[in-house]
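Have a look at the structure below before the remarks.
Below, the structure written as structure tokens:
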């Protein structure tokens, strides 16, 4: 191959050299107005094009150089004609060139000037030239010669409105000329396939492919003729072109020329001749890639439909949808061996077309999907990635068009198509669906639709058959489940009963998700339920006799069971938080037993499941914080829960944690907005106990580290003293505060070993606060008056 | 002889599919416009006589296929171009982004002797569409790009309404004319008195 390429370069260089040399003499002859020499050297120059050694690409380079030189000759001919030289004589004269190829190039060149001179009807000259060119039967040379003819006559065709149109010349002649040239060129091109040894088939096909635009260009020129109106296209141009395409029985030519027809003629012509064009498809060779041809046609028509609403009636008028879907059906039927990818591509194009042209016809859309299911059902689950990608495109199209999953949920065949995706792609598609919902903020407002939606996204909701977990990266899994979680807020109805139905439906699906998914899916479900409870709680809920209707009690029961499901994970810390959230909601609904039950659940988890010290600290503060806000409990229940919480506090592992939990518990006995909970004594007990623990912590630090440790805990406790002091707890005395301040001062001064600037700063700002309160004036200032700092 | 060649100015129009290359050429040469989209296959040219500084020139305007699959023979026709017109659709960002590719591709393939100073002209077409409301490439942005590429002249055109087309091609012709011809000067080694030329190397049939 390399050798061949090098040789080719040499031959091209030699050809160019020969061409330049003769061009040089031609120029000299032109400059001295020597017609005879000009013809002689131009013919010699053109002889270089007689080579058979160049590939089409290289030949084209040589041809372009000759082409440029011939423009100069053409100008000379024009000048000659202007000077009075008879163009008819010139036309005769060039025919004396010895070799036929140069002769015909010269003839075409003079012919162009001849037409321009209008000394003869254009059609006669054109007809003569196109006939004469038959003299070259070598494919490459013939194709380039005819392409030359087509190019030089390009602006001299008797088109409508052209200066060459006349009584004798009409656009019919122009069309006839182009069709004839096209037909001859196609024959030359097809014949190439059957010349030379079979082993060079590949090379030959490559060369043919390079040459194809020479043939196609005739169609381009036809498309550009103004006189080719719909009637002429329908009656003459299309049938004649298709006749040639079908009859040449050549795969390469058929595929390429069908593409050309679709691309060079306007959309409205295609619409009006759909039947003819589509009718040709089954007549093509079975090996022709019809799916690409049809897809390109549908893509063009889709773009046309999208360009303006005004053109849509045209589509309806010609029943484009049924014609196209029929054609596709026939093609798929006829080509049994067509790979799934091909069929899916066709349906995908048809679907895009349908969405553009008939956005209101959901039945058409469903019909296309249904046809796709039928085809897929013969193949089983898809394995190859090309088909899968195409299916994703097919399924994404309606989402993009309608921007509304609710519309898509009406398509009964949509989930059926999804069935054929492999698990991974099924998930990809599910994510696409969720993203569409989120982007468009589509609210899914009935349980029925929620069910349909979950059918579509079930790949994310539970393990599908044959799912392998290790296949999925942790990050990806997280992202997937997070998107499911985000989706929940879009499942919403204003009607409480319907909303409860939705919650039940979601719950049913989520509970099948298994331990890995539940920690992601349960929380949004719980909060969605709590949202409904909050909504109901404002309303007059006791509508008698409506057992089925949504009531907070009922939802709380459901919540209890829902959170319990987390025990299989296990996810105790998460469950504890959720129980506490529910307890708060129950509190707001004045449901004491329910709230108590949730607390009980939380406590059980704390006692039995949460063993980690850090987790215990966090959980305990959550418990205390929640409990503090509860107002629904009677004395007995409250005492039980408070007692437990303080008990837990004292049993924490680390002393500082103990200390902090214990002083936090002081708040359980003094709630600002509840007169019944103001037990100053027990507040003081907590704080004293916290002090004792702080002391113990300090001593431990002394023993183990040789330093007395930080005074932070004492400063924290001092702040608690101040808080309750301000709130008017009579048990908190100035003396106690005073002695605590002194204690801390001593601590900080004595503790030179372990400087804790944070503790110092904390203490300093606490003292500043006291100062500030003293100076501020009013009742508080009076209280603070006697504290000395 | 240089003067003969200088009567012909070769112009190549490049740009993405559907930006209106063929329409611009048709509007300029034939004063016609069609709304229908028809792809161009290969390369096609029209000529137009232009008067410039009291001299008559023939402008050879090459319209090209924007779709790569209709450019099967390559771009040998770039050779000898005097000016290259880069067209984009002001309503399609991608067509503007691709101008750079078209320009570079042209410089590589046509390999003019002085690529820095080779004359280009940029046309932002279809400014009529939707009263300019669907426009996505601003005049400022286009001009900035042109300035960055050595002050390429820039025109906003509408092939549909014929707006600015004449002015753009005037400029194209003017710049094409300024381009120094780079036809290699051919000097034959020997004067061939016999005039028979060299031996024909052709094989195969005698056509």
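Chains as they are written, first to last, in our numbering: chain L, 1 to 789; chain Z, 790 to 996.
Cβ coordinates follow ideal geometry from the N, Cα and C atoms, glycine included.
Quantities reported herein were computed from a predicted structural model and do not represent experimental measurements.
With a CB to CB cut of under 6 Å and the five nearest residues on each side skipped, what residues in its chain are close to residue i?
| i | result |
| --- | --- |
| residue 839(Z) | 846, 848, 962 |
| residue 704(L) | none |
| residue 637(L) | 596 |
| residue 348(L) | 390, 393, 394 |
| residue 293(L) | 258 |
Along chain Z, in chain order, which residues have C-beta atoms closer than 8 Å to that of residue i?
| i | result |
| --- | --- |
| residue 91(L) | In chain order: nothing, as chain Z lies at least about 20 Å away. |
| residue 267(L) | 825, 826 |
| residue 71(L) | 797, 849 |
Listing by chain order, which chain Z residues have their CB less than 7 Å from the CB of residue i?
| i | result |
| --- | --- |
| residue 223(L) | 827 |
| residue 56(L) | 862 |
Within a Cβ cutoff of 8 Å, which residues of the same chain sit near residue i, ignoring the five residues on either side of it in sequence?
| i | result |
| --- | --- |
| residue 568(L) | 515, 518 |
| residue 282(L) | 330, 331, 334 |
| residue 196(L) | 204 |
At 8 Å on the CB atoms, spell out the chain L contacts of residue i, in chain order.
| i | result |
| --- | --- |
| residue 861(Z) | 209, 210, 211, 212, 213 |
| residue 836(Z) | 155 |
| residue 975(Z) | 20, 21, 23, 24 |
| residue 869(Z) | 68 |
| residue 830(Z) | 213, 216, 217, 219, 220, 260, 263, 264 |
| residue 796(Z) | 75 |
Which residues in the same chain have their Cβ closer than 7 Å to the Cβ of residue i, if we skip the five residues on either side of it in sequence?
| i | result |
| --- | --- |
| residue 396(L) | 432 |
| residue 318(L) | 271, 272, 274 |
| residue 381(L) | 420, 422 |
State the DSSP-derived secondary structure class of residue i, mapped to helix, strand or coil.
| i | result |
| --- | --- |
| residue 873(Z) | strand |
| residue 520(L) | helix |
| residue 829(Z) | coil |
| residue 228(L) | coil |
| residue 285(L) | coil |
| residue 846(Z) | strand |
| residue 770(L) | helix |
| residue 4(L) | helix |
| residue 790(L) | Because residue 790(L) is not part of the residues shown, which for chain L are 1 to 789, the question remains open. |
| residue 544(L) | In this prediction, residue 544(L) scores a pLDDT of 44, lower than 50, which makes its location untrustworthy; the coordinate-derived value is nonetheless stated afterwards. Reduced to three states, the DSSP call for residue 544(L) is coil. |
| residue 633(L) | coil |
| residue 840(Z) | strand |
| residue 776(L) | helix |
| residue 512(L) | coil |
| residue 77(L) | helix |
| residue 10(L) | helix |
| residue 678(L) | strand |
| residue 878(Z) | strand |
| residue 790(L) | For residue 790(L) there is no data in the structure shown, the boundaries of chain L being 1 and 789. |
| residue 853(Z) | strand |
Quick check on the DSSP output: the alpha helix (DSSP H) that includes residue i runs from which residue to which?
| i | result |
| --- | --- |
| residue 183(L) | 171-192 |
| residue 272(L) | 267-272 |
| residue 603(L) | 592-608 |
| residue 158(L) | That residue, residue 158(L), is in no alpha helix (DSSP H); it is neither H nor E in DSSP. |
| residue 357(L) | 340-357 |
| residue 317(L) | 312-317 |
Taking residue i as part of the beta strand (DSSP E), name the residues at either end of that continuous run.
| i | result |
| --- | --- |
| residue 943(Z) | 943-945 |
| residue 914(Z) | 909-914 |
| residue 798(Z) | 797-804 |
Restricting to Cα atoms, I'd like to know which of the options is closest to residue i.
| i | options | result |
| --- | --- | --- |
| residue 405(L) | 422(L), 442(L), 369(L) | 442(L) |
| residue 642(L) | 670(L), 73(L), 398(L) | 670(L) |
| residue 75(L) | 101(L), 114(L), 296(L) | 114(L) |
| residue 4(L) | 54(L), 27(L), 14(L), 15(L) | 54(L) |
| residue 877(Z) | 936(Z), 928(Z), 815(Z) | 928(Z) |
| residue 494(L) | 509(L), 533(L), 526(L) | 533(L) |
| residue 278(L) | 321(L), 312(L), 303(L), 253(L) | 321(L) |
| residue 598(L) | 87(L), 784(L), 563(L), 507(L) | 563(L) |
| residue 93(L) | 445(L), 77(L), 174(L) | 77(L) |
Name the chain L residues whose beta carbon is nearer than 7 Å to that of residue i?
| i | result |
| --- | --- |
| residue 865(Z) | 60, 61, 64 |
Whose Cβ in chain L lies nearer than 9 Å to the Cβ of residue i?
| i | result |
| --- | --- |
| residue 1002(Z) | The shown model of chain Z, from 790 to 996, leaves out residue 1002(Z), and the question about it has no answer. |
| residue 886(Z) | Correct list: empty, because the minimum Cβ distance to chain L is about 20 Å. |
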